[in-house]
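Student:
Residue numbers (this note's numbering), protein chains in the order written: chain E, 1307 to 1601; chain X, 1307 to 1601.
The following block contains the structure:
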């Protein structure tokens, strides 16, 4: 065996491998149609199989490696999670929401197809998420599948992502506590669910469970502050209400204190992983990767 | 006890009781919020708790009485189904879809609130459906809950309701075969799922299973032809493409042949129920009720 095969792969390689795994699996899992509903299934594939970091599925897969679980189970659950993420992007881009024309260098779904199709694409991607999750291939135990469905629904619904999106639209996140709650619902809940997947499947002891949950929570918050920072740098002219709406934490804390908070959360994140030792090295590295990402 | 208490309740009474049961249960099951996401949970309640026949939940409950199953299980599953139905109405009413200003005598959700809220309401009602279904209170057996989730997702997704909606928008239902397929997906799949609920929970023998499935299929088709007939009567001036889009069967068959087909399907429906004897009397009566309903 050549030496290179023994060398530890880089995080970039690991991320790329996970992204490929998820894209191939999603390609198999998403419906194909021959009939006149083909427009819908094609547009679903356009939305879900396009370029994307697949960060949430990566977290699920990487965290899954900390436990003795079948990768196939984690992968299918991660695909379901990615469908929810993809649906939320399609609907967020709609004219009545953020009215975005482009995403990741391509026209958004309502620009590439039309608005009615984009609404249906988001709807059907959400449905596909729960169909994938509940299917017997995801896990042999129905209790596990039902639990995965219920937790994903809680993360995505009115008390999670959709509720956070509503708060964002209403604009009721004027102080730090409100902004943190909004972000925890809008973005944090789905990121946290990525780490819940292996916990639900592996049912580890309390220490590991607690550590991974705390990691997910701090990472989700740091992720969002970075997002705010990137937005505020992209739109430096915004002030007052527009700035507060577009870049919650940064407008409230100032960029210097926001960066300090990210650094603190980053250290906390890595400390939470101590319990897993060397096994969590990639998760540890991914904290810096995620928090130092480019716009 | 007065004589009246022994008298057999009428179908109308039975329908009203089921509707009340479902509305009260939904009121308990749908999320409430105190925070700024309250706008979303209130609008979800506006959409799901307003006036409605609750026909799909009624079918689930009435069919459930043919078997030895807990009403609580069927009721929760029926509430999940009703959430899917409610979400589909909210999104169908959107400006980019049917652009309807009123539904059942009240402003549609995007008129009462706004378009962004209506998109989120539909999204979160769909999520709520799967959360309700997967919750341990629905059934003690996780296999049953996961199966209910998966079947509901199939009925609602790209190969069911959402796919049928896409076909309707594309307008690819020019001949009877295509129109039948479109309706089977768009409307029939959710009606059929109402009858699947007790089948999944009770796991009856093949004869009963087959009879109830055949009943659901014929009833769904007849329901849709009646819908077409009501639409064509409401808009007698439509001709050509507009008429074919708005009133598939009637435009293709003519109103006389459409009525004959409804009568034939109605007889078939009742014949399918012979196996259940007197127990299915209300289901038998509900065929006429559903097919003779006013616009």
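Note that beta-carbon positions come from the ideal geometry of N, C-alpha and C, so glycine has one too.
1) Taking Cβ positions only, does residue 1342 (chain E) come closer than 8 Å to chain X?
2) For residue 1547 (chain E), which residues in the same chain have their Cβ closer than 7 Å to its Cβ, ignoring the five residues on either side in sequence?
3) Just tell me which of E:1574, E:1531 and E:1560 has its CA closest to the CA of residue 1598 (chain E).
4) Run down chain E in chain order and give the residues with a C-beta less than 8 Å from the C-beta of residue 1505 (chain X).
5) Between the C-alpha atoms of residue 1508 (chain X) and residue 1527 (chain E), what's the straight-line distance to the nearest angstrom?
6) On the DSSP letters alone, give me the boundaries of the alpha helix (DSSP H) that residue 1468 (chain E) sits inside.
7) By the three-class DSSP mapping on this structure, what secondary structure does residue 1445 (chain X) have?
8) Any residues in the region 1487–1502 of chain X with a beta carbon nearer than 9 Å to a beta carbon of chain E? Which ones, in chain order?
9) Evaluate the contact criterion for the region 1445–1455 of chain X versus the region 1389–1397 of chain X: three or more CB pairs, one atom per stretch, below 8 Å.
10) Given that residue 1303 (chain X) touches chain E, what residues does it touch there, using C-beta distances under 7 Å?
11) Given 8 Å as the limit, is there contact between the region 1397–1413 of chain X and the region 1417–1430 of chain E, that is, 3 or more CB pairs closer than that?
12) So which residues on chain X does residue 1441 (chain E) lean against when the C-beta distance must stay under 7 Å?
13) Using a beta-carbon distance cut-off of less than 8 Å, what residues from the region 1347–1359 of chain X approach chain A?
14) Going along the chain, which residues of its own chain have a beta-carbon closer than 6 Å to the beta-carbon of residue 1549 (chain E), five neighbours each way excluded?
15) Residue 1412 (chain E) bridges to which residues according to DSSP?
16) Using only the alpha-carbon positions, how far apart do residue 1544 (chain E) and residue 1538 (chain E) sit?
17) Looking only at its own chain, which residues have a Cβ that is under 8 Å from the Cβ of residue 1350 (chain E), when we skip the five neighbours before and after it?
18) What are the start and end residues of each continuous beta strand (DSSP E) run of 3 or more residues lying completely inside the region 1499–1532 of chain X, in chain order?
19) Starting from residue 1488 (chain X), follow the alpha helix (DSSP H) in both directions and report where the run begins and ends.
20) What does residue 1426 (chain X) reach in chain E if we use C-beta pairs closer than 7 Å?
21) What did DSSP end up calling residue 1561 (chain X) once you bin it into helix, strand or coil?
22) Listing by chain order, which chain E residues have their CB less than 7 Å from the CB of residue 1397 (chain X)?
23) Which residues, in order along the region 1397–1420 of chain X, keep a beta-carbon less than 9 Å from a beta-carbon of chain E?
24) Strictly below 8 Å CB to CB, what residues from chain E border residue 1620 (chain X)?
25) Does the region 1491–1508 of chain E come close enough to the region 1359–1374 of chain E that 3 or more CB-CB pairs lie under 8 Å?
26) Around the Cβ of residue 1357 (chain X), are there at least 16 other Cβ atoms within 10 angstroms (buried) or fewer (exposed)?
27) Does the beta carbon of residue 1476 (chain E) come closer than 8 Å to any beta carbon on chain X?
28) When burial is assigned at 16 or more other CB atoms within 10 Å of the CB, is residue 1524 (chain X) buried or exposed?
29) Suppose you measure from the CA of residue 1315 (chain E) to the CA of residue 1408 (chain X); what does that come to, to the nearest Å?
30) Less than 8 Å separating the beta-carbons of residue 1353 (chain X) and residue 1415 (chain X)?
31) Cutting at 6 Å between CB atoms, please list the residues of its own chain near residue 1461 (chain X), excluding the five before and the five after it.
32) Quick check: the Cα distance between residue 1520 (chain E) and residue 1579 (chain E), rounded to an integer number of angstroms?
33) Are the region 1465–1474 of chain X and the region 1480–1489 of chain E in contact at 8 Å, needing three or more beta carbon pairs?
34) So, are the CB atoms of residue 1628 (chain X) and residue 1452 (chain E) less than 8 Å apart?
35) Starting from the Cα of residue 1343 (chain E), find the closest Cα among X:1369, X:1470 and X:1381 and give me that residue.
36) Please go through the same chain and pick out, in chain order, the residues whose beta-carbon is closer than 7 Å to the beta-carbon of residue 1586 (chain E), but skip the five residues on each side of it.
Tutor: This is what the structure holds:
1) yes
2) Unreliable placement is indicated for residue 1547 (chain E), whose pLDDT of 41 sits below 50; no coordinate value is reported for it.
3) E:1531
4) Simply none; closest approach about 17 Å.
5) 45 Å
6) 1467–1476
7) coil
8) 1487, 1488 and 1491
9) no
10) The structure shown does not extend to residue 1303 (chain X), since chain X spans only 1307 to 1601, so no value can be given for it.
11) yes
12) 1456
13) In summary, chain A is missing from the structure at hand, where the protein chains are E and X.
14) Unreliable placement is indicated for residue 1549 (chain E), whose pLDDT of 44 sits below 50; no coordinate value is reported for it.
15) E:1409
16) Only weak support exists for where residue 1544 (chain E) lies, its pLDDT of 48 falling under 50; the coordinates are left without a value.
17) 1336, 1337, 1427, 1430, 1431 and 1434
18) none
19) 1482–1489
20) 1468, 1471 and 1472
21) helix
22) 1425 and 1429
23) 1397, 1400, 1401, 1402, 1403, 1416 and 1420
24) The structure shown does not extend to residue 1620 (chain X), since chain X spans only 1307 to 1601, so no value can be given for it.
25) yes
26) exposed
27) yes
28) buried
29) 59 Å
30) yes
31) 1495, 1496 and 1499
32) 9 Å
33) no
34) Since the first residue shown for chain X is 1307 and the last is 1601, residue 1628 (chain X) is missing from the structure and cannot be characterised.
35) X:1470
36) 1372 and 1579
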